[in-house]
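Notes follow once the structure below has been shown.
Protein chains: 2
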Amino acid sequence: MTEQVSASAPQVAEDVLLARAYLSRVAEAPAVALAGFVAEVGPVEAAQRVQEGRVSEAVAGETGARRVVQRAAADLDAAAAVGARLITPEHPEWPQWPFAAFALTGQRELAPPLALWVRGPGLLAELCEQAVAVVGARAATSYGAHVAGDFSAGLADRGFTVVSGAAIGIDGAAHRGALAVEGPTVAVLACGVDRAYPAAHQMLLARIATSGLVVSEYPPGSVPGRHRFLVRNRLIAGMAAGTVVVEAGLRSGAQRTAADASALGRLVLAVPGPVTSGLSAGCHRLLREGALLVTRTEEVLEAVGRLGLDLADPLGSSDSRPTDGLDPIAAVVHDALPARAHRDTRWLAMEAGVPIGAVRVALVDLERRGLVEHCDGRWRRPRGEQP
Amino acid sequence: MTEQVSASAPQVAEDVLLARAYLSRVAEAPAVALAGFVAEVGPVEAAQRVQEGRVSEAVAGETGARRVVQRAAADLDAAAAVGARLITPEHPEWPQWPFAAFALTGQRELAPPLALWVRGPGLLAELCEQAVAVVGARAATSYGAHVAGDFSAGLADRGFTVVSGAAIGIDGAAHRGALAVEGPTVAVLACGVDRAYPAAHQMLLARIATSGLVVSEYPPGSVPGRHRFLVRNRLIAGMAAGTVVVEAGLRSGAQRTAADASALGRLVLAVPGPVTSGLSAGCHRLLREGALLVTRTEEVLEAVGRLGLDLADPLGSSDSRPTDGLDPIAAVVHDALPARAHRDTRWLAMEAGVPIGAVRVALVDLERRGLVEHCDGRWRRPRGEQP
């Protein structure tokens with residue numbers, strides 16, 4: 001089995017890989033003291049000293065309970081058996097820049113991952129170069145699922161990776177939207193990548209593992225727990241330039257992802273919905289707190305995309321009326337025009353409350369625009385135009 | 001008829017009233033030059049000189065076409081005949097402070113009204129003291145109409161006047177919401193107060209005229225025109241501390257009211273809706289441009305109400321879970337608890353990745369909260385609690 005591991009990750013020395021595999025199991029994420037220790041002495045020495053208990057009190061607190069568990073090689077084998085592999089900060093496919101934000105926050109809850117178990121052909125660093133997280137409620141409405149799918153297809157179609165959590169509801173719709181246009185998508189799990197959770201998404205996860213990437217910081221066989229879902233959310237936020245919350249209750253994991261995104265310096269975007277829907281209440285609260293309101297893929301792209309290259313066309317710019325651009329006097333004269341009987345200029349001046357000379361000027365403009373019909377020096381609206 | 005006019009407006013000299021009635025017809029609103037002239041020389045002299053044509057070119061441009069029209073007394077009679085009256089800046093019921101903003105903007109489109117024709121028992125200045133405009137699309141959806149009615153009933157119930165434009169759709173729902181709780185409401189028309197426009201709202205307007213106030217700057221008999229609807233909107237915005245746009249297309253009068261409110265230094269609030277609805281697109285654009293998102297009456301009150309006295313309770317503050325407030329280690333231990341077989345502290349430490357001493361501390365806290373069951377030094381979740 002050692003050959004397989006080497007073959008799938010020839011860039012990283014085997015002792016480093018084994019050390020990182022050990023470290024990924026020894027502490028429950030997020031492990032801020034351990035992450036700092038590994039950054040200081042390197043993964044091989046860190047693993048060695050954790051095993052021997054020669055660490056600071058803080059690191060011991062995070063690692064003491066499991067330090068005798070020796071499953072690194074077995075975990076790498078278990079991963080290889082399902083076509084998965086371990087990637088580490090030493091791999092070129094590790095998203096160095098996006099993940100640098102974790103340590104910068106200084107927050108315990110936002111400790112960087114020590115390694116990631118991944119399954120699929122995608123290269124994580126490349127996938128994170130242009131990535132948007134699309135997240136939301138499990139109990140999504142058909143409205144939310146529609147919008148999540150629509151946005152995600154639009155984003156993936158423009159080459160953006162859709163990152164989500166593979167849950168029922170919004171997450172599933174987001175992944176499916178990306179897959180529908182054969183676009184890139186990453187599912188970040190709260191359990192081992194060898195497990196299909198939720199079970200209903202077994203096929204979906206298999207499809208993502210075929211074309212995109214299924215990712216977890218938990219070693220193979222790990223079971224999901226409520227705490228892990230919340231901890232996992234920081235990775236979703238951390239892989240993306242922005243997090244779009246499509247539907248969310250007031251108490252939801254999506255709110256946590258949004259908070260993590262904000263703490264990591266990433267954009268928080270939210271989709272509005274009916275104020276009568278409890279599943280939009282979380283989005284509305286985010287919007288009231290400063291999140292960016294988005295209604296179309298283009299608006300998401302404008303916010304997270306390359307400066308100046310992904311600008312959304314303003315809505316309504318092509319929705320013009322013949323009376324657009326009329327000066328105020330011409331607009332008043334136009335309003336005064338009768339629909340049936342033709343009327344003379346004096347009558348129009350009186351009706352519009354505009355000097356007769358100004359009425360004449362306005363009529364020239366209106367005639368040029370086809371907004372007036374005349375007959376023997378008398379005027380009315382063109383037939384078919386509604387007053 | 002002169003007695004009637006005097007009886008209904010004893011506070012203002014008859015020559016002033018006649019002069020203001022004349023001025024309200026001689027120029028098509030908004031008449032910025034005439035307003036300035038009246039402010040300078042007073043209404044009686046201004047009316048005299050306009051009639052005689054002894055005015056500046058700017059004032060002549062606004063008044064020349066209709067200056068010979070002598071209908072002041074007839075208009076006052078026509079108003080009295082339908083139970084209406086003319087109120088002017090000289091009346092104590094004129095909303096001096098709210099309307100002072102018009103002149104301050106310096107914008108031609110936001111010239112102050114020269115007088116207002118009003119119908120109903122309400123006193124405008126009092127009604128404007130705590131007022132919110134609730135406006136939106138004619139072609140409202142049932143969602144929009146529901147929200148408009150709900151917000152307006154809530155506002156009126158708290159003593160706020162609901163100002164709107166009496167149109168079909170959102171406007172009508174807003175007035176009806178206020179009337180439903182016997183609250184104050186003001187309808188601002190784009191035609192004479194003696195006309196029922198739209199015709200379908202004849203009964204509604206009659207009800208408003210019985211309990212609130214129907215208002216127009218156009219003299220009796222005036223017909224509505226598209227231009228007048230837009231000009232009228234500045235009065236709706238000007239009477240209220242804030243304008244709530246409930247549903248609006250991208251091209252709509254409600255957008256103009258919002259722009260006027262903003263120019264007058266008033267708050268612009270908007271109700272979100274489905275991004276798939278064109279009738280929420282205008283609201284979403286306003287929100288993207290900085291309008292305040294509101295989902296409940298309380299949030300409107302918090303924005304427009306008295307500082308500190310009308311604060312909305314944060315949503316979700318009463319929606320707590322037993323696991324709220326657990327420290328991170330207790331949360332991880334709680335996640336690790338088995339649902340069926342009891343497990344010992346060592347097993348829990350391993351599962352949770354937490355030192356055994358910390359597990360013991362966490363279990364004390366969990367037991368105090370009823371989140372753990374023990375038996376012979378072994379632990380599990382309480383029956384009935386879902387993992």
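Chains A and B, in that order, give the protein sequences. Quick note: the first sequence uses the UniProt record's numbering, first residue 1, plus one each step. Quick note: the second sequence uses the UniProt record's numbering, first residue 1, plus one each step. Ideal Cβ positions, reconstructed from N, Cα and C, are used throughout, including at glycine.
Report the rounded CA-to-CA distance for residue i versus residue j, giving the unit in angstroms.
i: B:M203; j: A:A133; result: 52 Å
i: residue 407 of chain A; j: B:D157; result: Coverage of chain A is limited to positions 1 through 387, which leaves residue 407 of chain A absent and any answer about it impossible.
i: A:L286; j: A:A263; result: 14 Å
i: A:L267; j: A:R108; result: 21 Å
i: B:A240; j: A:E28; result: 56 Å
i: B:E139; j: B:A199; result: A small fix is needed here, since residue 139 of chain B is Ala in this sequence, not Glu. C-alpha separation (whole angstroms): 16 Å.
i: B:P30; j: A:A339; result: 24 Å
i: A:L123; j: A:E93; result: 6 Å
i: B:G370; j: A:A196; result: 32 Å
i: B:L17; j: B:S252; result: 35 Å
i: A:T323; j: B:S24; result: 27 Å
i: A:Y218; j: A:P89; result: 16 Å
i: A:S277; j: A:A79; result: 42 Å
i: B:R378; j: B:D344; result: 4 Å
i: B:V62; j: B:A174; result: It should be pointed out that residue 62 of chain B corresponds to Glu in this sequence rather than to Val. Distance between the alpha carbons of B:E62 and B:A174: 35 Å.
i: B:D15; j: B:G183; result: 35 Å
i: B:G159; j: A:A336; result: 40 Å
Does chain B have any CB closer than 8 Å to the CB of residue i?
i: A:E28; result: yes
i: A:V275; result: yes
i: A:R226; result: yes
i: A:P219; result: no
i: A:R66; result: yes
i: A:P272; result: yes
i: A:A331; result: yes
i: A:A349; result: yes
i: A:H374; result: no
i: A:V132; result: no
i: A:W268; result: The question names Trp, but residue 268 of chain A is Val in the sequence shown. False, the Cβ-Cβ gap to chain B never drops below 8 Å.
i: A:V147; result: yes
Within the 8 Å Cβ cut-off, does residue i reach chain A?
i: B:D75; result: no
i: B:D335; result: yes
i: B:T295; result: yes
i: B:P355; result: yes
i: B:G61; result: yes
i: B:V358; result: The residue asked about is misnamed: residue 358 of chain B is Ala in this sequence, not Val. Interface residue, yes.
i: B:H201; result: no
i: B:A352; result: yes
i: B:Y143; result: yes
i: B:R288; result: yes
i: B:H175; result: no
i: B:H91; result: no
i: B:H342; result: no
Going by the CB atoms, is the gap between residue j and residue i shorter than 8 Å?
i: B:S164; j: B:I87; result: no
i: B:V304; j: B:L213; result: no
i: B:V215; j: B:V188; result: yes
i: B:T297; j: B:F151; result: yes
i: A:E135; j: B:V271; result: For clarity, residue 135 of chain A is Val in the given sequence; the question names Glu instead. No, Cβ-Cβ distance for A:V135 and B:V271 is not below 8 Å.
i: B:R71; j: A:L293; result: no
i: A:Y143; j: A:G249; result: no
i: A:G172; j: A:A178; result: no
i: B:A47; j: B:A13; result: no
i: B:V354; j: B:V333; result: yes
i: B:A259; j: B:F229; result: no
i: B:L114; j: B:F102; result: no
i: B:E247; j: B:L269; result: no
i: A:G169; j: A:A145; result: yes
In the DSSP output, what is residue i paired with across the bridge?
i: A:S216; result: A:W117
i: B:T243; result: B:A133, B:V268
i: A:C375; result: A:R378
i: B:R343; result: B:W379
i: A:L293; result: A:A270
Would residue i count as contacting chain D if we go by Cβ distances under 8 Å?
i: B:E93; result: Checking the listed chains, one finds no chain D in this structure; the protein chains it contains are A and B.
For the region 160–188 of chain A, list the alpha helix (DSSP H) runs that are entirely contained and at least 4 residues long, ordered along the chain.
170–180
Residue ranges of each alpha helix (DSSP H) within the region 55–107 of chain A, 4 or longer:
As far as the region 55–107 of chain A is concerned, its whole alpha helix (DSSP H) runs of at least 4 residues are 57–63, 72–81, 96–105.
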